[in-house]
Amino acid sequence: MTAPTTRRAHPTALSRSIPPWRRPGAAPASRILALCLVLFLVSGCGWVSSLFGGKKTDAASSVSVFKVVVGQCFNPPAKPVTDLSDLSAVPCTTPHTQEAYAEPAYVAPAGADSSVYPGADPLVSFAKGACAQAFTSYVGVSYLDSSLFFTYLLPSARSWESGKDRTILCFVTTTGKPLTTTVKGSKL
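Positions 5 to 192 (my numbering) are the ones given, in order, by the sequence shown.
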């Protein structure tokens with residue numbers, strides 16, 4: 005009979021003969037504590053710098069078109085889309101080309117059933133008038149005298165029929181240099 009070439013140690017044999025802090029691969033408590041402290045400081049740097057006026061994040065965040073708030077700034081999708089569910093919101097202090105400035109509720113013409121989707125033409129006509137009117141009070145100058153433009157998002161037939169979407173989203177926009185501040189009261 006030949007002797008086995010390997011042996012299996014009993015699980016407690018090693019722990020009885022070598023103290024836990026001296027086992028191979030085990031780090032002394034002071035090393036573990038130092039490592040934890042370093043990790044805490046490194047991960048907390050952003051938090052600590054924000055307490056002392058450090059730069060805040062400029063990252064874009066995705067916002068549902070149903071959660072847009074007047075005063076939020078955005079960068080539109082790179083390619084035009086017909087049905088839009090989310091927008092790329094950014095802080096108004098970072099480069100952006102659009103800012104939400106009004107959310108007028110659609111008013112159906114007299115005698116029209118407001119529960120039925122009116123179609124694109126009546127919505128576009130309403131949006132042009134409502135957004136142009138709201139532009140003046142938000143920017144501080146008439147749309148006709150401004151260097152800025154406006155655009156809008158209309159309810160889709162599907163969102164209209166859900167019964168919850170009856171508003172137009174109006175956005176100030178620029179076709180030139182991106183904005184780096186809010187346009188509210190800017191008279192641009």
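Where is the CB? At the ideal position from N, CA and C, for every residue including glycine.
### Task
Could you check if residue 179 is buried or exposed, using at least 16 other CB atoms within 10 Å of its CB as the buried criterion?
exposed
### Message
Spatial neighbours of residue 87 within its chain, please: C-beta separation below 7 angstroms, excluding the five flanking residues on both sides.
### Response
160
### residue 127 (DSSP reduced to helix, strand or coil)
helix
### Query
At what residues does the alpha helix (DSSP H) containing residue 161 begin and finish?
161-165
### Same chain, Cβ closer than 6 angstroms to residue 108, neighbours up to 5 away in sequence not counted
134, 172
### Query
Among the residues of its own chain, which have a CB less than 7 angstroms from the CB of residue 163, if the five just before and after it don't count?
169
### Task
Please classify residue 97: is it buried, with 16 or more other beta-carbons within 10 angstroms of its beta-carbon, or exposed?
exposed
### Query
What residues match up with residue 137 in a beta bridge as DSSP calls it?
Answer by DSSP bridge pairing: none, since residue 137 is not bridged.
### Message
Bridge partners for residue 104 per DSSP, in chain order?
### Response
175
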